[in-house]
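Residue numbers (this note's numbering): 733 to 938. We treat Cβ as the ideally placed atom computed from N, Cα and C, and that holds for glycine. Keep in mind it's a predicted model, so treat the numbers as computed, not measured. Single-structure report; data block below.
Printed below as a string of structure tokens:
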């Protein structure tokens with residue numbers, strides 16, 4: 733016999749959609765968002781670098797402008813001193829041109845006097861020629877060179893008289909500034925011929 737009892741029939745309930753969707757995103761969507769975020773960071777960093785660069789350029793420009801202003805001011809202040817310097821250079825040039833005249837210690841007459849004093853009145857020593865230079869020489873570039881030299885040619889009756897004259901020239905106080913070159917006298921007949929030369933000593937030879 734069958735089981736007795738009431739039986740009911742009901743329809744299948746419809747599915748219910750959740751109120752919020754899942755927070756989980758597909759992998760490609762997440763990767764795209766990460767890439768977009770990195771790109772934004774790069775753009776922001778680049779913009780900041782440009783701002784810093786422009787700031788540095790501005791500072792350097794201001795420094796350059798100040799330096800140029802100071803240079804122009806210094807040039808204006810230096811102009812009077814430049815004129816004084818040029819005047820001094822011209823004065824020095826004129827002084828060099830006048831050296832042979834104003835420095836009497838090297839006057840040709842004065843030097844000849846000292847040469848004759850070294851001769852000491854020795855009758856056996858005779859000067860045939862005396863070339864004494866005290867002048868400025870100008871080279872091809874316009875540079876001035878002061879030429880001071882002595883050249884003596886003569887004869888003596890005896891060899892000892894010529895060598896004594898040689899020693900006297902080197903010891904003459906008025907000729908101390910000159911360096912002498914005195915080769916040995918040469919016999920010519922019954923006389924002894926000599927040729928003595930001197931040049932002004934350089935600063936390192938004083």
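{"Asked": "At the level of alpha carbons, what is the spacing between residue 928 and residue 854?", "Found": "17 Å"}
{"Asked": "Just the C-alpha distance for residue 880 and residue 931, rounded to the nearest angstrom, thanks.", "Found": "6 Å"}
{"Asked": "For the alpha helix (DSSP H) containing residue 913, list its first residue and its last residue.", "Found": "No alpha helix (DSSP H) contains residue 913, which is instead part of the beta strand (DSSP E) from 910-913."}
{"Asked": "State the Cα-Cα distance for the pair residue 793 and residue 779, rounded to the nearest angstrom.", "Found": "21 Å"}
{"Asked": "In its own chain, which residues sit with a C-beta less than 7 Å from the C-beta of residue 864, not counting the 5 before and 5 after it?", "Found": "840, 843, 844 and 882"}
{"Asked": "Exposed or buried, which one is residue 904 when buried takes at least 16 other CB atoms within 10 Å?", "Found": "buried"}
{"Asked": "If we count the other Cβ atoms within 10 Å of its Cβ and call it buried at 16 or more, is residue 935 buried or exposed?", "Found": "exposed"}
{"Asked": "Grab the span of the alpha helix (DSSP H) containing residue 907 for me, first residue to last.", "Found": "First-last for residue 907: undefined, no H or E at that position."}
{"Asked": "Measure from the alpha carbon of residue 925 to the alpha carbon of each residue in 933, 892, 886 and 914, then state which is nearest.", "Found": "886"}
{"Asked": "So who's on the other strand from residue 924, going by DSSP bridges?", "Found": "888 and 919"}
{"Asked": "Once you ignore the five residues that flank residue 861 on each side, which residues in its own chain have a CB closer than 6 Å to its CB?", "Found": "885"}
{"Asked": "Just checking, does the stretch 902-919 make contact with the stretch 872-879 on the three C-beta pairs under 8 Å criterion?", "Found": "no"}
{"Asked": "Exposed or buried, which one is residue 733 when buried takes at least 16 other CB atoms within 10 Å?", "Found": "Only weak support exists for where residue 733 lies, its pLDDT of 49 falling under 50; the coordinates are left without a value."}
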